[in-house]
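Under the working numbering, the very last position in the sequence shown is 448; numbers go up by exactly one each time. Yeah, the Cβ is synthetic: ideal placement off N, Cα and C, and Gly gets one too. Computed from a prediction, not measured in an experiment: that's the story for all the values here. Heads up, the thing below is written out as structure tokens.
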Amino acid sequence: MYALHKSVARFISSARYPYSRSGITVIPKAIKVKKVSHCLELTYGEQPYELSYEFLRVHSPSAEVRGHGVGNEVLQSGKKDVVLLRIEPAGNYALKLVFDDGHDSGLYDWSYLYHLCTHRDELWTDYLQRLQQAGKSRDSAQINFKAL
301 MYALHKSVAR
311 FISSARYPYS
321 RSGITVIPKA
331 IKVKKVSHCL
341 ELTYGEQPYE
351 LSYEFLRVHS
361 PSAEVRGHGV
371 GNEVLQSGKK
381 DVVLLRIEPA
391 GNYALKLVFD
401 DGHDSGLYDW
411 SYLYHLCTHR
421 DELWTDYLQR
431 LQQAGKSRDS
441 AQINFKAL
């Protein structure tokens, strides 16, 4: 694991409403980056949730992924080995995740992160089905070069 940006850690530790389902923004009690297992662990109350880097990348809230309206979503493929490089605070309402494929435009607000945690399995199943229907893969396209 590596440390969160200091201001993210400070905000989380000082949040007045770390967990709620009743209209108050749901803020995780703790966030841990697990480099070995390539996932982000968010804890709400006593319940930890793990979201893989790939899952977070393919479900980015950015316009690049979501498109500019219903039906304009862009299916992300080849992200199986994507790595989360940095987490930056975006005010008091979101996190900016920076990935090694250059993607850094999505702001993951607290409500969206909670939604990803609590709906992870169905979102992942839907993503895999859409990949299969499109004939795409989680693996990145690799070109093998041969010396002549």
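When DSSP states are grouped into helix, strand and coil, R420 belongs to the helix group. If you ignore the 5 residues before and after S352, its C-beta comes within less than 7 Å of the C-beta of H338 and C339, all in its own chain and listed in chain order. Just measuring C-alpha positions, the residue of A394, P361 and R357 sitting nearest G378 is R357. Restricted to the segment 318-361, the alpha helix (DSSP H) segments that are unbroken, complete and at least 4 residues in length are 353-358, listed in chain order.
Taking 7 Å as the cut-off, the beta carbon of V382 is found closer than this to the beta carbon of E354. The C-beta distance from P348 to Y412 rounds to 18 Å, too long to fall under 8 Å, and the pair is not in contact.
H415 has its alpha-carbon roughly 10 Å from the corresponding atom of L423. In the three-state reduction of the DSSP assignment, A434 falls in the helix class, which pools H, G and I.
For the set K332, A434, L428 and D409, the Cα lying nearest the Cα of A390 is the one of D409. 7 Å or more divides the Cβ of L375 from the Cβ of A441. For V383, the three-state secondary structure derived from DSSP is coil. Under the three-state reduction of DSSP, D409 is assigned to strand. Cβ contact annotation for V398 (same chain, cutoff 6 Å, sequence separation greater than five): L385, R386 and D404, in chain order.
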